[in-house]
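Working notes, beginning with the structure itself.
Residue numbers (our numbering): 11 to 730.
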């Protein structure tokens, strides 16, 4: 133990010193760490013995592999990739394929030359080496590339394409390496069955890895929403991440793919709580230092004499493949000239992922002879890539004219209250009486089931009806076959109708009422919406908890209703003077536009439009989004609007913190109730479940109310 502790202290200090020396020579820190490992390893002064490397320090390598994979997943955000999915698929596909073919074919045909002197006997051996090196070559160093971009303060088409390419490259490299590994084991005699069985087993490994990673990411996200301390987040986050890695090794699946899918799941949750990545960032530097030093220590001069030339060949072929493939792919989709010319040059850096993949070979006895060749070859290639690659990436960004802008600062959120804070206290109507539209043809319909919420729903429905020139309508649904005492049900409904009518009368409106019998509550509401030509349907949340039965009603009504649906969540005092509108997509503003305009149509209100951006959004992006928000407010004639654009690590906590200064929240809900939505969650639902303020969730397409409003206006014009 003392020997291991002393070794750790020396490793960290040596890595720090060599990194600083490398920086003086304008080399990346990774290069210094690898050189420190060579110096301290068996080929150097021998401080790191084989026993220390293989037994006592090996777990640091495993931890680093999981952290590297998690970082890859962080950059695979569907929202970003979706915007350029066609062009990015072609560019990355061409670049990856060209790199694999260039490296694989080149190594297969050239490594057999006596000049290399590789200890391989058959063409099968050369095929295995070529296959594994080809798939490893697809990977790109995310850390080095990101560091160069941040240092250069780069923003532009090349930078965006480069970020997406790095994420796709590493994701594909991990999956393709899984197939290559299974094939190599089969060719080397370590597998059983036919090649088709090997391929099916590889697919099974990939799917199992993804399933474990997704479930782990979902679990971490669920736990994190209850935590406030970053220390607690780091503890439980690392515990679950490392547990997933150990389970992956136990079940012989890919820990890299598991880690990547954990990051992918977390970053694509609509709530988007990315604090795990931030707290891990504070923990990972010493782990990364140890990982690269241990990688360098495995680079022995004896093996370097044999595989060093192979590493040089690997580096050259990989650079050629990246440059040619990226240029071909970007030319096929007519990408900007800067992308066509410089993308391949910026993809040359390679380190952590490639080294992590090669380290996995040591777990398979049949592949140990190949690992002894591949590890020094990849380390040599990575060393060259980390010396030359960053300079190439920086040169590419500068030549493209994108090394000019800075990134923004980050903000944190804070938590909100608990479910027992929900209730309703309706402030009496003090504004002027509203004047109903003459002869309205449409309705704003709301269903009622409990007396506590009927007045609040009546007020909201009346405000919306006034803006849409419609009639407020209260509906009571009775389920067929489930009514033991019809008279009691009618009496209860009449009490609800009277409460709704009283509130509408104080506002200057007459409330219409209807008692409807239907097989289900949802069916009754949908049928009523069609019968009474509803422009809008309002549903009130249960006061204490969101019951599963209510969720099913909401899902059915949203999917079947002929108009937009608004869920009203009551919490505390119902005010509408200060309104918060959080959005993660500017297009969602059109969904809530008419509802928001209805809320501010009477009296003086202050509206805050809060645009939530990724935590790495630049200051220029923030200002651009603020201008868009102000322009939208001006077009829709919204007075007293404050436009904010915030780069946030955790969307949910940012909204909850901002909500403390407001009376009412208006958000667009996700009308998609499919499996992906259940997997990635709904930010609006999460806010509704935790916010202390009243809230309106608007469901439906952006043209539902607008189309109905236009139709209503035409009817009024025709009568005139």
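For each residue, glycine too, the CB sits at the ideal point set by N, CA and C.
Whether residue i touches residue j by CB criterion (8 angstroms)
| i | j | result |
| --- | --- | --- |
| residue 223 | residue 262 | no |
| residue 612 | residue 710 | no |
| residue 250 | residue 230 | yes |
| residue 87 | residue 349 | no |
| residue 359 | residue 169 | no |
| residue 45 | residue 306 | yes |
| residue 483 | residue 522 | yes |
| residue 102 | residue 179 | yes |
| residue 190 | residue 132 | no |
| residue 703 | residue 582 | yes |
| residue 300 | residue 21 | yes |
| residue 628 | residue 100 | no |
| residue 599 | residue 668 | no |
| residue 384 | residue 143 | yes |
| residue 625 | residue 658 | yes |
| residue 654 | residue 707 | no |
| residue 70 | residue 297 | yes |
CB-CB length for residue i against residue j, believed under 8 angstroms
| i | j | result |
| --- | --- | --- |
| residue 331 | residue 83 | Incorrect: roughly 25 angstroms between the Cβ atoms, too far for contact. |
| residue 41 | residue 32 | 5 angstroms |
| residue 188 | residue 216 | 6 angstroms |
| residue 456 | residue 548 | 4 angstroms |
| residue 177 | residue 85 | 4 angstroms |
| residue 489 | residue 528 | 7 angstroms |
| residue 343 | residue 365 | Their Cβ separation, rounded to whole angstroms, is 32 angstroms, which puts residue 343 and residue 365 out of contact at 8 angstroms. |
| residue 472 | residue 514 | 5 angstroms |
| residue 623 | residue 592 | The Cβ separation is near 12 angstroms, so there is no contact. |
| residue 175 | residue 353 | 7 angstroms |
| residue 693 | residue 661 | 6 angstroms |
| residue 29 | residue 58 | The Cβ separation is near 17 angstroms, so there is no contact. |
| residue 302 | residue 47 | 7 angstroms |
| residue 139 | residue 121 | 6 angstroms |
DSSP state of residue i mapped onto helix, strand, coil
| i | result |
| --- | --- |
| residue 463 | helix |
| residue 102 | helix |
| residue 453 | strand |
| residue 193 | helix |
| residue 600 | helix |
| residue 357 | coil |
| residue 476 | helix |
| residue 224 | helix |
| residue 612 | coil |
| residue 229 | helix |
| residue 54 | coil |
| residue 655 | strand |
| residue 35 | coil |
| residue 415 | Residue confidence for residue 415 is low, a pLDDT of 40 falling below 50, so the modelled location carries little weight and cannot support an answer. |
Among the options, the one whose alpha carbon lies nearest that of residue i
| i | options | result |
| --- | --- | --- |
| residue 438 | 585, 241, 471 | 585 |
| residue 543 | 531, 478, 401, 510 | 478 |
| residue 635 | 656, 644, 458, 471 | 656 |
| residue 105 | 273, 561, 340 | 340 |
| residue 560 | 535, 591, 337, 386 | 535 |
| residue 572 | 453, 653, 590, 371 | 453 |
| residue 391 | 707, 522, 468, 147 | 147 |
| residue 326 | 394, 338, 271 | 394 |
| residue 462 | 530, 579, 112 | 579 |
| residue 397 | 158, 136, 640, 19 | 158 |
| residue 94 | 119, 167, 467 | 167 |
| residue 116 | 283, 321, 212 | 321 |
| residue 605 | 641, 382, 679 | 679 |
| residue 507 | 524, 518, 516 | 524 |
| residue 260 | 173, 597, 219, 565 | 219 |
| residue 75 | 449, 363, 537 | 363 |
For residue i, the first and last residue of its enclosing alpha helix (DSSP H)
| i | result |
| --- | --- |
| residue 697 | 693–700 |
| residue 649 | Residue 649 -> no alpha helix (DSSP H), and no H or E assigned at all. |
| residue 49 | 39–50 |
| residue 294 | 294–307 |
| residue 146 | 133–147 |
Heavy atom of the ligand PLP within 7 angstroms of residue i beta-carbon
| i | result |
| --- | --- |
| residue 176 | The ligand PLP is not part of this structure, which contains no ligands at all. |
For residue i, the first and last residue of its enclosing beta strand (DSSP E)
| i | result |
| --- | --- |
| residue 622 | 616–623 |
| residue 709 | 705–709 |
| residue 482 | 481–489 |
| residue 592 | 588–593 |
| residue 670 | That residue, residue 670, is in no beta strand (DSSP E); it is neither H nor E in DSSP. |
Short CB-CB distance (under 8 angstroms) between residue i and chain D
| i | result |
| --- | --- |
| residue 693 | Reference to chain D is not applicable here, since this structure consists of a single protein chain. |
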